[in-house]
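Undergrad: The structure under discussion is supplied below as structure tokens; questions concerning it will follow.
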Amino acid sequence: MSPSLNVIANPKATPRVAFFFGPLLRVLVVALVLVFSAQGAVAQTWRVGVQAVLDGDTVILDGGERLRLRGIDAPEVSRKGRSGQYYGAESGKILTAFVSGQDLVLDRRELGTDRYGRLVGVAQLADGRQVNLLMIEAGAAFVYPHSSDKDRRLASALLAAQNAAMEQGRGFWPGLISSPRARDGFVGTKNSKRFHVLSCAQGRTIRAANRVYFSSLRDAFAAGYAPARECTPWPTESGR
0 MSPSLNVIAN PKATPRVAFF FGPLLRVLVV ALVLVFSAQG AVAQTWRVGV QAVLDGDTVI
60 LDGGERLRLR GIDAPEVSRK GRSGQYYGAE SGKILTAFVS GQDLVLDRRE LGTDRYGRLV
120 GVAQLADGRQ VNLLMIEAGA AFVYPHSSDK DRRLASALLA AQNAAMEQGR GFWPGLISSP
180 RARDGFVGTK NSKRFHVLSC AQGRTIRAAN RVYFSSLRDA FAAGYAPARE CTPWPTESGR
């Protein structure tokens with residue numbers, strides 16, 4: 000009869016193995032999470048060059064897509080026989096100086112689309128600076144709130160930069176807030192944060208509960224309101 004083999008288990012072996020592999024497994028899991036997170040972030044980042052600058056708030060990307068800078072607006076340039084606005088050409092040149100020869104870094108998760116089919120978003124340069132904010136800081140664009148914009152931090156940063164640019168007399172601000180219509184009085188819409196000159200027919204249709212008055216352009220812009228397209232007080236290229 001063959002002798003039986005009795006294996007005596009070491010009661011300390013299993014805890015020792017678990018003690019060794021437990022931290023190693025946790026490190027491996029954390030490493031995998033970081034790798035996949037990094038890959039996801041890279042996949043959501045879009046680096047793209049600029050083919051052309053249309054005005055102070057819109058560019059054409061290398062792929063032909065039009066990108067409107069979120070949260071800002073710029074004076075209109077002359078186009079298709081239509082007269083431009085005061086500082087429109089200068090604003091376009093300033094945006095060109097910022098993006099010329101540069102790749103824009105866009106976050107695909109943040110990008111939206113407007114009713115004209117343009118992309119709408121925040122554009123960063125390779126050094127991390129936001130082009131949207133740079134245009135406001137230069138006094139080459141103004142804050143343009145929209146109901147679809149949910150980034151309150153961006154909105155606050157843009158408004159703070161705008162008020163600083165006004166105080167420091169950058170870009171179009173000195174000419175704009177001293178223009179002939181700068182103290183005509185204005186009426187705004189609380190919901191949309193747009194304002195009209197008092198004589199504008201659209202302004203008279205604003206419900207009383209939604210109406211707010213400003214005594215000057217400076218006050219309206221400082222409150223984060225933007226001029227409506229109708230009856231805009233913005234001067235033309237000739238300054239009128």
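Numbering (numbering that gives the first Met the number 0), first residue to last: 0 to 239. Even glycine gets a Cβ: it sits at the ideal position worked out from N, Cα and C. Source: prediction; values computed, not measured.
Taking contact to mean 3 or more Cβ pairs, one atom from each stretch, closer than 8 Å, check whether the region 165-183 and the region 133-148 are in contact.
TA: In short, these stretches touch, since the Cβ pair count reaches three.
Undergrad: Considering Cα atoms alone, identify which of Ala208, Asp183, Val211 is closest to Arg198.
TA: As a working note, residue 198 is residue 199 in the sequence shown. Checking the sequence, you will find Ser at residue 198 rather than Arg. It is Asp183 whose Cα lies nearest to the Cα of Ser198.
Undergrad: Determine the extent of the beta strand (DSSP E) in which Asp218 is found, giving its start and end residues.
TA: Taking the sequence shown and counting its residues from 1, the one referred to as residue 218 is at position 219. Per DSSP, Asp218 belongs to no beta strand (DSSP E); it is in the alpha helix (DSSP H), 216-221.
Undergrad: Take Asn190 and list the residues in its own chain whose beta-carbon comes closer than 6 Å to its own, dropping the five residues that flank it on each side.
TA: Taking the sequence shown and counting its residues from 1, one reaches residue 190 at position 191. Closer than 6 Å at the Cβ level, and outside the excluded window around Asn190, lie Asn209.
Undergrad: What is the C-beta distance between Ile135 and Leu110, in whole angstroms, given that I count them as a contact (C-beta under 8 Å)?
TA: Translated into the one-based positions of the sequence shown, residue 135 becomes position 136. Translated into the one-based positions of the sequence shown, residue 110 becomes position 111. At roughly 20 Å, the Cβ-Cβ gap does not stay under 8 Å, so Ile135 and Leu110 are not in contact.
Undergrad: Which one of Ala122, Cys230, Glu229 has the shortest CA to CA distance from Asp56?
TA: Position 57 of the sequence shown, counted from the start, is the residue given in the question as residue 56. Minimum Cα distance to Asp56 is reached at Ala122.
Undergrad: Taking the continuous alpha helix (DSSP H) assigned at Thr188, which residues delimit it?
TA: Taking the sequence shown and counting its residues from 1, the one referred to as residue 188 is at position 189. Looking at the DSSP string, Thr188 is not in any alpha helix (DSSP H); the run it does join, the beta strand (DSSP E), is 185-188.
Undergrad: Taking a contact to mean a Cβ-Cβ separation below 9 Å, would you say Leu68 touches Gly120 in this structure?
TA: Working through the sequence shown from its first residue, we reach residue 68 at position 69. Working through the sequence shown from its first residue, we reach residue 120 at position 121. In this structure, Gly120 lies closer than 9 Å to Leu68 by Cβ.
Undergrad: Going by DSSP, name the residue or residues bridged to Trp226.
TA: Numbered from its first residue, the sequence shown carries residue 226 at position 227. As written in the sequence, residue 226 is Pro, which differs from the Trp given in the question. In DSSP, Pro226 forms a bridge with Phe194.
Undergrad: Looking at the structure shown, is Val34 part of a helix, part of a strand, or coil, going by DSSP?
TA: Within the sequence shown, residue 34 is the residue found at index 35, counting from 1. Residue confidence for Val34 is low, a pLDDT of 47 falling below 50, so the modelled location carries little weight; the figure read from the coordinates is stated next. In the structure shown, Val34 sits in a helix (DSSP, three-state: H, G or I).
Undergrad: Could you tell me the distance, in whole angstroms, from the CA atom of Phe185 to the CA atom of Gly70?
TA: Residue 185 sits at position 186 when you count from the first residue of the sequence shown. Residue 70 sits at position 71 when you count from the first residue of the sequence shown. One C-alpha to the other measures close to 22 Å.
Undergrad: Measuring alpha carbon to alpha carbon, tell me which of Leu66, Ala222, Val49, Phe97 ends up nearest Gly116.
TA: On the sequence shown, position 117 is the one that residue 116 refers to. For the residues Leu66, Ala222, Val49, Phe97, the minimum Cα distance to Gly116 belongs to Leu66.
Undergrad: Got a sec, what are the start and stop residues for the alpha helix (DSSP H) Ala163 sits in?
TA: Numbered from its first residue, the sequence shown carries residue 163 at position 164. Per DSSP, Ala163 belongs to the alpha helix (DSSP H) from 151-166.
Undergrad: Roughly how many angstroms lie between the CA atoms of Ala37 and Leu105, to the nearest whole one?
TA: Looking up residue 37 in the sequence shown gives position 38. Looking up residue 105 in the sequence shown gives position 106. Residue placement at Ala37 is flagged as unreliable, the pLDDT there being 45, under the threshold of 50; the coordinate-derived value follows with that caveat. Taking the straight line from one Cα to the other gives about 16 Å.
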